[in-house]
Every structure is written in C-alpha cells, then in structure tokens.
Amino acid sequence: MLPSRHLRAAARQRSHRRPAIAGDACSSKPDVEVIWRNKAITAHMRAGRVPDAERLFDAMPRRSTSTYNAMLAGYAANGRLPLARALFRSIPSPDAFSYNTFLHSLAVSSSLADARALFEEMPVKDSVSYNVMISSHANHGLVSLSRHYFDLAPQKDAVSWNGMLAAYVRNGRIREARNLFDSRTEWDAISWNALMAGYVQWGQMAEALEMFNRMPQRDVVSWNTMVSGYARRGDMVEARRLFDAAPVRDVFTWTAVVSGYAQNGMLEEARRVFDAMPEKNAVSWNAMMAAYVQQRMMEEAKELFDVMPCRDVASWNTMLTGYAQAGMLEEARAIFDMMPQKDAVSWAAMLAAYSQGGFSEETLQLFKEMGRCGEWVNRSAFACVLSTCADIAALECGMQLHGRLIKAGYGVGCFVGNALLAMYFKCGNMEDARKAFEEMEEKDVISWNTMIAGYARHGFGTEALEVFDKMRTTSTKPDAITLVRFFVLERCLFKSIFVSGMLSSVFKYNNVDWVGVLAACSHSGLVEKGISYFYSMHCNFGVTAKPEHYTCMIDLLGRAGRLDEALNLMKDMPFEPDSTMWGALLGASRIHRNSELGRRAAEKVFELEPENAGMYVLLSNIYASYGKWRDADNMRTMMHERGVKKVPGFSWIEVQNKIHTFSVSDSMHPEKEDIYAFLEYLDIRMKKAGYVSATDMVLHDVEEEEKEHMLKYHSEKLAVAYGILKIPPGRPIRVIKNLRVCGDCHTAFKYISAIEGRLVILRDSNRFHHFRDGSCSCGDYW
DNA sequence: TTAGGGTTAG
C-alpha cells in the first residue's frame, strides 16, 4: 500500500519551498510532541507494523527531519525500497542522517550500484557513510570494494575497523582478517569477538579458544560465541561446560544451548533447558519449536506455536518448513496463506516445498505470484524455480531465469549456479552448461559432480574425464558422489582402464572417504577390489572399520551373490549387526531370489526397527514382484495395524538424456488405507489439469488377471507419471509391458510418452535406493 | 533515528 497522501503532500511542500516557521510541516526545532511521535513511528516500524507507522506519519501536524528519517529507516528495515525512495525524495531538507539511512536502504535492497551512485553525489560524507559502504559490500561478497571504501575513508573509527574485520570474516577470508587484526593493537571487545566468531564459523575451534583465553576482557557475547560454537559442532559436553561456567548469561546463551541440544536430537535436554530459561524471546521459542520440527513431531511443534506469546516471521517460517519437510504440503500452504507477513524465507520455503515435492505447476504458479506481490527474488527462490525448470525440461523458462539472475546483479555462486548447471544439462544443453560453469564465481564439489555427471549422462565421456582431471588440480576434494559417478562413467565407457589411476589420485588426499570408495566398488561390481580396499584400509591406512564400512561390505558381497560370505562377515564383526546391515542383506536376498534368507533378514529388521515403514513396503513389494499378492497385502495390513507411517515424498532424478527415473513413495498421503483414495485424488487433479484418466489405457498391455493387483500396487505411479509428464488430453502413455528394469527395482516399468517420446522409468523410493547417481542399488545403471 | 560482534526459520 502506498501512503500516497503524505508523499503527495510532501512533494507539494517541496515544490513551494517556504521558509521554516513555527508550526510549519517541517520545523527545524522539533518539540516534545514530535519527538514522542517519532519514537512511536520507530516502534511501529521495528515491530513490522508499517501501516500503523504510516497512519501516524500522515496524521502528524508537524514533522522534523528525524520524522522522515524514522520512516525511511523503517521502510528499509521492512524491505520497502520503492517507498523509501519516494520518501527520501520528498524530505524537505535531508540531513546527513537521511542520506546515510537511504544509502543503507539501497545497499540492503541489493541495489549496490544505486548505493554507489548516491554515495558519489552525497553533499557530505561522514564516517557512517563510509562504514555503510564497507559493510554492505561485504554482505554481498564484494570484499575488495569494502577494502576500497575502507582505504578511502578519511578518518576511521572503531566501526570502520570492525566493519573491515567483519568483511573479511564473513567472507571466509580469515587469514586477511587475522593480518588486519595483528596490524594494530587498539581493538575492542567487538573486534575480538568478531575474529573469534570467524574461527568458530570456519570450524577452527582451537584458534577460537586460543583467542577466547587471550582476550583482555570477555563480555557475554564472547561466552555466547564459544557456547554456540561448540553446540553447533555437536560438542554438547563442552558447550554445557562453558554455559555452566559463564559468569553472565543472556537469552542468547540459553537459546544457543537449547538449539544445540535440539540440533543434536537431544530433545529432552533441550526441553529441560528451555523450561528453565529465566526469560524467553521469540528466537528461544523458535529454537524449541525447531527441535520438534526436526524430529518430525509436528503436533508438539504446533502446540508450542499456538501458545507462544511472541510470534515472529521465523516462527511462522519454522512451522511452514516443518510441514513442508514432513510432506504435509497442504498444511504448509495453509500456514503460508495465514501468515501476517511473509519474508524472503517464507517464499523460498514454500517454493522449495513445491519444487522438491515435484509439484512443478504449483512452483511456477507461486513464482508468478511472487512477482505480482513485488517480492524480491532471492537466490534461494531462483534455485528452486531453476530446479523445477530442470524437472520439466523447460529450457526457455530456465534461460529467462538465467537472464533475470544476471540482471538482478547476483554473482553466480554455488547455490544458484549448481541449479543452473543441472537445468542446462537436463535440457540437454551442454554448451550453455559449460559456459555457466566457467562463469561461476565459485565452485564446490557439487558443481564439479554436476559437470561430470552431466557430460557422462549425455555420452560425453571424454569431456567428463577432462572435468575430473581439472577438478584434481583444484583444492576441491572429490566426495563419495564423485567417486560413484566416476566409477559409473569408468565402467560404462572405459571398461576399468582408469580405475587404478583414479583411486590413487583419491588416496593422495589425507582423509580418504572409505565409505565412498567401498560404495563405489560395490556399485560398479568391483567385488575383489572392494574386498582388498576393505582390508588395506586397516592394514595400510590404519583406519578401523566402523559399522558403515561393514554395511558397505555386506552390500558389496550380497550384490555379488556371495550371501554366505556376507553372513559370515556379519558374524565376525566386533559389533552386533544393525538394521541397515540386515536391510542390505535383505536387498541382496531379493536380487538373488533367496527367499529363506530374505525372510530371516526381514524378521531381524522388524525386530530391530518395528517402526521402519520402508521395510514393510519393501517386503510387500518383494512379495508382489513374486506374484504373492496375499503376502504382499499382509505386509501392508501389518504396517497399518502397527500404526507405522511412511514419510511421504518423491523426487526426480535425471539419468540420461531424455530418460528420467522417477521415484515415488508408496503412500503420498499419510492416512492411506487403500490406494484408490489416492488414485481418486490424482484423478481429480489430472482431470482438472485437462489430462485423461487412463488407467485402463495405460494397462492395456497387462494381462487381465494381473490387472487388479497391478492397479493396487503400481497405478499410483502411473497416475503420477501422467501428471509429471504433462501428457495432453487424449494422449495415453504407452506401457511397454510389465518390464522389470532390474532385479532390485521390483516395481519399475518403462513408459514411453506418446507425445514426447521420452523414456521414463518408474521405481519405488525406499531406503535401499540410497545412491543419488540414479543407479539402482542392484548395480545396474541407466 | 543510519554503520561493527553472539541465538531461530530457507
């Protein structure tokens, strides 16, 4: 809402410049009444009550420049740049405060170029002006410009020095921060804390502690920095020790501990500290709520949300993301619609919920809505929508986004850049992917992996290898995904030629990711190699095998059909096999059709993890794939009777050019008693979108007697495929036949979309499909 | 009533 009335009034005033007299709309000597009202404006703005502030402003008979400044600062803090701009122009006699505030508004609204222009034309620059430039450029990752303004500043105060220090720290330039720090001695507590926080943030706890011990005087922030540092690293013992030792605590200290316990899954401890807090603010409540959200205890979270006395945007966002992560998209949307105010996080969270849930239409719809609301599109929103474009192979839309991204002045960092790469590859546009990759300002391991996988999947093996070679010249360390990808590539294209060279390059790094190596061997069927690595890991590298390594080995042996050896390994282990290991064995028994061992493994899993819904579904599907429909039904009934619920969710994984793997969880609605309820829901949705409901058509190749069971177990996936493939009305998907894709993908089928000729593989997602490279866990690749 | 350090949500 534009407060057009006061703006017009102000503009009028400005055009008929009259000398300021007592009682004029802008008096140079504000009275007590004006000061009091200015404070009220600030209070409203701080609480996000922009309209209230505007009403007050409009109703003021006399205003001072500070009145305008208060409004200006409020607009900036509430993200209303256009209003701030208009108001600034209407200020009768802007002072240094006005200029600095508006400069700050421009800078925080990502209009850095505008901020620089304003800075140049400012009649008077004081140290605050320079300091705004230093910190705002740092906030956008432009450290060298921060340094430029820092060097330019004629007089540097404590804020300038600390601002520059923070500029380095926030951008990970910890060495430069240290050099600056060592270059002089007049630092205050804020400086010490800033550098210390930098060490904490980048995981260098020893250095942080060293500073903590050395600093001349510690304030409550110093203690908080250390407490939260340990808490975030999961070292709750040390965090608690410092918390107990702290001479002063404030709400930050308490909240850091609550959130530490929460993030490490120690719910009871978190609650105990939370209940003992002498005073709580919104952040404390949010931290406790986040604890429940993290454990998917949405009812408990909602309870807190309902009773908390002070809700802020983050509280709403916490609930929103909680519902989204629990797959409760309708609840998430309800929260989103009810929010008194939305910020960038709210939009991003809702977008992420839709895009990660595969709801492409909804994602794009919401994105449009976002534009209509004039909401600033941040990096996260860009990434979500880009990944949706990738899902539906919407190249044009993706390229438009790329353009907008550049226009918005964002540097292409990893977050958005990776989404961009994925989009180009999924659309088969190798050249633009390469360009985007080269233009990326920074690259992380995911960027490299995306490039390797992208090239490999389109059959550009040589290019993929070149990327891998280039990656080795950088400081980015290959991770498990790189290894798996490389092994896949190597196996598909080069038949084991490069494997030893590749591995030796991996071993150059200090910390070999052994799980990655073993998983990679398991995946590429390199059984003997895997076994020898497993032993050399201990003998040559002195690494003691942990349960996860054994799990890999059981998986590896099992897949190779060496079930007895896998069993023996489990017996000889220094610890009891856990459910993951039995699960791996269960998967292997399936591939090799050893139903006796499968049953045994399944029983063990149920014993150890009666709550594991994936197991029931897996076993049910195993029976179904053998045609033992009654047993399959029994498993589902048992799951239902025991009140076990599946975590819903599904995702797309692009595998090869124009080939998609689609994984869908069996129950996308939580209370599924029978699959038909779900089908009905999809039917309605699809019809609404103009698709044919053509389960019969889809199943035309399937024999009559199988049809009923097929419907029960597989048609939900067909239906979803319809929605996602965007088959136009009247164009059925053709089933190639009840084709098993591979031993492990028991419910996988191939479909060809009649219209696009896309080959689609559908399969279940369960815990055994834990490899993200699109390979089946049985070791087959697509 | 503008600029520098510590807590929550994406």
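Each residue of the first sequence is one higher than the last, beginning at 1 in UniProt numbering. We put the beta carbon where it would ideally sit given N, CA and C, even for glycine.
- Query: Can you tell me whether DSSP reads residue 590 as helix, strand or coil?
  - Reply: helix
- Query: What whole-angstrom Cβ distance do residue 189 and residue 217 have, given they're in contact under 8 Å?
  - Reply: 6 Å
- Query: Where do the N-terminal and C-terminal ends of the alpha helix (DSSP H) with residue 374 fall, by residue?
  - Reply: First-last for residue 374: undefined, no H or E at that position.
- Item | Member of 67, 330 and 283 whose CA lies at the smallest distance from the CA of residue 253 | Checked all of 67, 330 and 283; the closest Cα to residue 253 is 283.
- Item | Assigned secondary structure, residue 111 (DSSP; H/G/I helix, E/B strand, else coil) | coil
- Distance, residue 175 Cα to residue 131 Cα: Roughly 22 Å between the two C-alpha positions.
- With burial defined as no fewer than 16 other Cβ atoms inside 10 Å of the residue's Cβ, what is the status of residue 280: buried or exposed? Residue 280 should be labelled buried.
- First and last residue of the uninterrupted alpha helix (DSSP H) at residue 170: 158-170
- Message: For residue 418 and residue 446, which I take to be in contact (beta-carbon distance under 8 Å), what is that distance rounded to the nearest angstrom?
- Response: 5 Å
- Alpha-carbon to alpha-carbon, residue 257 and residue 235: Approximately 11 Å, taken between the alpha carbons.
- Message: Three or more C-beta pairs under 8 Å: does that hold for the region 546-557 against the region 568-577?
- Response: yes
- What is the rounded straight-line gap between the Cα of residue 270 and the Cα of residue 338? 29 Å
- Item | Start and end residues, alpha helix (DSSP H) containing residue 213 | Counting along the chain, the unbroken alpha helix (DSSP H) around residue 213 starts and ends at 205-214.
- Task: With DSSP collapsed to three states, give me the class of residue 137.
- Result: helix
- Item | Three-way DSSP call (helix, strand, coil) for residue 321 in this model | helix
- Message: Only counting the same chain, and skipping five residues up and downstream in sequence, which positions put a Cβ closer than 6 Å to that of residue 109?
- Response: The residues are 81.
- Alpha-carbon to alpha-carbon, residue 79 and residue 58: 20 Å
- Under the rule that 16 or more other beta-carbon atoms within 10 Å means buried, what is residue 655, buried or exposed? The pLDDT assigned to residue 655 is 23, lower than 50, so where the model puts this residue is not dependable; a value taken from the coordinates is nonetheless given after this. Label assigned to residue 655: buried.
- Hey, would you say the C-beta of residue 390 is under 7 Å away from at least one heavy atom of the ligand NAD? As far as ligands go, the structure on display features none, and thus does not contain the ligand NAD.
- Where residue 429 sits in the DSSP three-state scheme: In the structure shown, the three-state DSSP call for residue 429 is coil.
- Is residue 327 helix, strand or coil when you go by DSSP? Residue state, collapsed to three classes: coil.
- Item | Nearest to residue 441 (by Cα), restricted to the options 75, 141, 94 and 96 | 141
- With residue 551 as the anchor, note down where its alpha helix (DSSP H) starts and where it stops. 547-559
- Going by beta carbon distance, what residues of the same chain come within less than 8 Å of residue 601, once the five residues before and after it are set aside? 582, 583, 585, 586 and 589
- Query: Between the C-alpha atoms of residue 210 and residue 222, what's the straight-line distance to the nearest angstrom?
  - Reply: 12 Å
- Item | residue 784 versus residue 163 - alpha carbon distance | Outside the displayed span of the chain (1 to 782) sits residue 784, for which this structure offers no information.
- Give the C-beta separation of residue 382 and residue 416 to the nearest angstrom, bearing in mind that I take them to be a contact with Cβ-Cβ under 8 Å. Between residue 382 and residue 416 a beta carbon distance of about 5 Å is seen, short of the 8 Å cut, so the two are scored as contacting.
- Task: Return helix, strand or coil for residue 358, following the three-state DSSP convention.
- Result: The three-state reading of DSSP puts residue 358 in coil, since its state is none of H, G, I, E or B.
- Query: Under 8 Å, do residue 298 and residue 318 count as touching if we go by C-beta distance?
  - Reply: no
- Identify which residue in 307, 102 and 531 has its Cα closest to the Cα of residue 558. 531
- Message: For residue 390, which residues in the same chain have their Cβ closer than 6 Å to its Cβ, ignoring the five residues on either side in sequence?
- Response: 422, 423 and 426
- State the DSSP-derived secondary structure class of residue 580, mapped to helix, strand or coil. helix
- Query: Which first and last residues belong to the alpha helix (DSSP H) in which residue 91 is found?
  - Reply: Neither: residue 91 is in no alpha helix (DSSP H) and is coded neither H nor E.
- Item | Backbone secondary structure at residue 526 - three-state DSSP | coil
- Query: How is residue 186 classed by DSSP in three states: helix, strand or coil?
  - Reply: coil
- Message: Let me make sure I understand the geometry here. Which of 42, 63, 45 and 51 has the alpha-carbon closest to that of residue 32?
- Response: 63
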